[in-house]
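> Using the working numbering, read the sequence shown as starting at 456 and increasing by one per residue. Where is the CB? At the ideal position from N, CA and C, for every residue including glycine.
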Amino acid sequence: MWVLFVGGLVGLVLYVGAVNLNFMGLFGRMPNLRTLENPKSELASEIYSSDGVLLGKYFRENRTPAEYRDLPQNLVDALVATEDVRFEQHSGIDFKSIMRAVAGLGRSGGGSTLSQQVAKNLFKTRAGNLNAGDGTLSDGKVGLLITKTKEWLLAIRLERNYTKREIMRMYLNTVDFGSNAYGINTAAKTFFNKKPKELTTPEAATLVGIVNAPSRFSPALHPVRSKRRRNWVLQQMSKYGYLTPGELVQDTAKAIVLHYSVESATQGLAPYFRTEVAKYLQAWARETDHDLYADGLKIYTTIDSRMQAAAEQAVAEHLALQQKWFSAQWKGQLPWRDENGKVIPNFLATAMRRTQRYKSLMTQYEGNKDSVNYYLRHKYRMTVFSWQGEKEMLMSPLDSLDYY
Numbered sequence: 456m457w458v459l460f461v462g463g464l465v466g467l468v469l470y471v472g473a474v475n476l477n478f479m480g481l482f483g484r485m486p487n488l489r490t491l492e493n494p495k496s497e498l499a500s501e502i503y504s505s506d507g508v509l510l511g512k513y514f515r516e517n518r519t520p521a522e523y524r525d526l527p528q529n530l531v532d533a534l535v536a537t538e539d540v541r542f543e544q545h546s547g548i549d550f551k552s553i554m555r556a557v558a559g560l561g562r563s564g565g566g567s568t569l570s571q572q573v574a575k576n577l578f579k580t581r582a583g584n585l586n587a588g589d590g591t592l593s594d595g596k597v598g599l600l601i602t603k604t605k606e607w608l609l610a611i612r613l614e615r616n617y618t619k620r621e622i623m624r625m626y627l628n629t630v631d632f633g634s635n636a637y638g639i640n641t642a643a644k645t646f647f648n649k650k651p652k653e654l655t656t657p658e659a660a661t662l663v664g665i666v667n668a669p670s671r672f673s674p675a676l677h678p679v680r681s682k683r684r685r686n687w688v689l690q691q692m693s694k695y696g697y698l699t700p701g702e703l704v705q706d707t708a709k710a711i712v713l714h715y716s717v718e719s720a721t722q723g724l725a726p727y728f729r730t731e732v733a734k735y736l737q738a739w740a741r742e743t744d745h746d747l748y749a750d751g752l753k754i755y756t757t758i759d760s761r762m763q764a765a766a767e768q769a770v771a772e773h774l775a776l777q778q779k780w781f782s783a784q785w786k787g788q789l790p791w792r793d794e795n796g797k798v799i800p801n802f803l804a805t806a807m808r809r810t811q812r813y814k815s816l817m818t819q820y821e822g823n824k825d826s827v828n829y830y831l832r833h834k835y836r837m838t839v840f841s842w843q844g845e846k847e848m849l850m851s852p853l854d855s856l857d858y859y
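1. For V717, I'd like the list of residues in its chain whose CB is within less than 7 Å of its CB, leaving aside the five on either flank, ordered along the chain.
2. Count the CB pairs spanning the stretch 597-611 and the stretch 667-686 that are closer than 8 Å, and state whether there are at least three.
3. Sorted by chain position, which residues of the same chain lie with C-beta nearer than 6 Å to A660's C-beta, five sequence neighbours on each side aside?
4. Determine the closest residue to Y637 out of G796, L789 and A499, with distance taken between C-alpha atoms.
5. Give the range of the beta strand (DSSP E) segment to which V839 is assigned.
6. Going by DSSP in three states, L509 sits in which element: helix, strand or coil?
7. Taking just the CA atoms, how far does Y513 sit from I758?
8. Three-state secondary structure (DSSP) at I799?
9. Check whether the stretch 696-705 and the stretch 669-681 are in contact - that is, three or more C-beta pairs closer than 8 Å.
10. Name the residue from W739, E702 and A749 whose alpha carbon lies nearest to the alpha carbon of N529.
11. Going by DSSP, which residues form a beta bridge with E847?
12. Helix or strand or just coil, what does DSSP make of R792?
13. To the nearest angstrom, report how far apart M850 and Q784 are at their CA atoms.
14. For K753, which beta-bridge partners are listed by DSSP?
15. Taking 8 Å as the cut-off, does the stretch 610-618 touch the stretch 638-657 (at least 3 CB pairs, one atom from each stretch)?
16. Cβ of P852 within 8 Å of Cβ of L831?
17. Considering only C-alpha positions, which residue in the set Q778, A771, V630 and L526 is nearest to K650?
18. What are the complete alpha helix (DSSP H) segments, minimum 4 residues, inside the stretch 684-721?
19. Is DSSP giving V759 helix, strand or coil here?
20. What does the Cβ neighbour count give for G664, buried or exposed, with the cut at 16 atoms within 10 Å?
21. According to DSSP, simplified to helix, strand and coil, what is F728?
22. If you follow the alpha helix (DSSP H) that L534 is part of, which residue opens it and which one closes it?
23. Report buried or exposed for F542, applying the criterion of at least 16 other Cβ atoms within 10 angstroms of its Cβ.
24. I believe L724 touches E767 by the beta-carbon criterion, under 8 Å. Please report the beta-carbon distance rounded to the nearest angstrom.
25. Using 8 Å as the cut-off, can you tell me whether the stretch 725-740 makes contact with the stretch 504-518, which would need three or more C-beta pairs spanning the two stretches below that distance?
26. Indicate the three-state DSSP secondary structure (helix, strand or coil) for N586 in the structure shown.
27. Which residues does DSSP pair with Y422 in a beta bridge?
28. So, helix, strand or coil for F647, using DSSP?
29. If the criterion is Cβ atoms closer than 8 Å, does the pair L577 and T641 meet it?
30. Got a sec, what are the start and stop residues for the alpha helix (DSSP H) G664 sits in?
31. Do I548 and A610 have their beta-carbon atoms positioned less than 8 Å apart in this structure?
32. Could you compute how far the alpha carbon of K709 sits from the alpha carbon of V679?
33. Tell me, to the nearest whole angstrom, how far the beta carbon of S841 is from that of S504; I am working on the premise that it is less than 8 Å.
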């Protein structure tokens, strides 16, 4: 019995050491000390006007970092109660959580600590940076075991190099909240149009509830499911002493009120100007070893936001007038014409036959054109573009093609 125990212990030590050293290239690389001490996340670069107004952003991942002092206590409490209740006690690995996960076959969670999740988010351990295609044993279940081992090792190293507050800040800056929102700063703005410090406890619980499955628990996409998830987070907070029974009753009764707006790189003032600036900056970035879309640069320009806003407003008003004249001239006429100004016969029907929807319906109904035409003329509620903003209309696929 003792021989088996000692043999198993020695085998475990040798395995961990082999993973750490990438023995014979079997396990894939690990981050070096320098990388670990200076981990980098992609940060959006911001472009400002001469009067200090944010014109827009350049990014692949829309992330603006937050400092620990920017984080409200209710958010930290919600995260600890939900994701890692022994966060302050462990040194990167929570063996109680691991045993619970093993006993429950993963149904009660995966046993990952916040430190392990930071390792996963920072070093992209599940995206191939550390093992996929890099180590001989990187595929299948063995590859998953190696990945988990690396996350344990990285979590221990993070705990040695950083304080608990720094790890908490790293987690909330790296996590993906869905809706193109990376990190708590962007998530608070996207879902509630607030700074993190301004979040109420139910709002903080809503965001914490998202992180395990951003699409599944999105309050914008699945409000009922998101509220159930939020209330479970609040119950966890009450269970571990962060909320009183009275506060729990009060907070779970509240509706989720969103001020939802997904930021895109095209939003903001002076889009054409920003495009030209980007061309110049990309050339500069290549020469200076920078990444415009990941380095969190602050770019200051000579453009005045007030003058730009007035100019864009004037153009919008003039184009609206032009559109009115255009619509009056073409009222009741078909716009699809040839070079001689003659209406192209059967244009809509021909265009529809080239669409994926038409091809899918033909496959689904085995070429039965009556069935296909019925569904092409059936009206659905859909959101369509207009210059005054998106609007909801009742339209068929044929109507939609005609509209655009």
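Well, looking at it:
1. A distance below 7 Å between beta-carbons, with the five flanking residues on each side excluded, links V717 to the following residues of its chain, in chain order: S634, N635 and T645.
2. No, the stretch 597-611 does not touch the stretch 667-686.
3. The residues are A533, R685, V688 and L689.
4. For Y637, the nearest C-alpha among the options comes from A499.
5. Unbroken beta strand (DSSP E) run through V839: Y835 to V839.
6. Of the three classes helix, strand and coil, the one that applies to L509 here is strand, per DSSP.
7. Cα to Cα, I758 sits roughly 17 Å from Y513.
8. Residue state, collapsed to three classes: coil.
9. By the criterion of at least three beta-carbon pairs nearer than 8 Å, the stretch 696-705 is not in contact with the stretch 669-681.
10. Nearest option by C-alpha distance: E702.
11. DSSP lists T838 as partners of E847.
12. Look at R792 here: in three-state DSSP terms it is strand.
13. Cα atoms of M850 and Q784: separation of roughly 25 Å, rounded to the nearest angstrom.
14. E501.
15. No, because fewer than three Cβ pairs between the stretch 638-657 and the stretch 610-618 fall closer than 8 Å, the two stretches do not touch.
16. It is a contact, given that the beta carbons lie within the stated cut-off.
17. Looking only at Q778, A771, V630 and L526, the smallest Cα-Cα distance to K650 is reached by L526.
18. List check, alpha helix (DSSP H) in window: 700-707.
19. The amino acid occupying residue 759 in the given sequence is Asp; Val does not appear at that position. Looking at D759 - three-state DSSP - the assignment turns out to be coil, as it is neither helix nor strand.
20. With 16 or more other Cβ atoms within 10 Å, it is buried.
21. In this structure, F728 counts as helix in the three-state DSSP scheme.
22. According to the DSSP assignment, L534 belongs to the alpha helix (DSSP H) that extends over Q528 to E538.
23. F542 counts as buried, since at least 16 other C-beta atoms from the protein chains shown sit within 10 angstroms of its C-beta.
24. Sure, about 7 Å apart at Cβ, within 8 Å.
25. Yes, the stretch 725-740 touches the stretch 504-518.
26. For N586, the predicted structure reports a pLDDT of 45, less than 50, and the residue's modelled location is therefore unreliable. The matter cannot be settled from this model.
27. The structure shown does not extend to residue 422, since the chain is modelled only from 456 through 859, so no value can be given for it.
28. Look at F647 here: in three-state DSSP terms it is helix.
29. Taking 8 Å as the Cβ cut-off, L577 and T641 do not qualify as a contacting pair.
30. It spans T656 to I665 - the alpha helix (DSSP H) in which G664 sits, taken as one unbroken run.
31. A contact, by the Cβ cut-off of 8 Å.
32. When rounded, the separation of the alpha-carbon atoms in K709 and V679 is 12 Å.
33. Wrong, their Cβ atoms sit about 28 Å apart, outside the cutoff.
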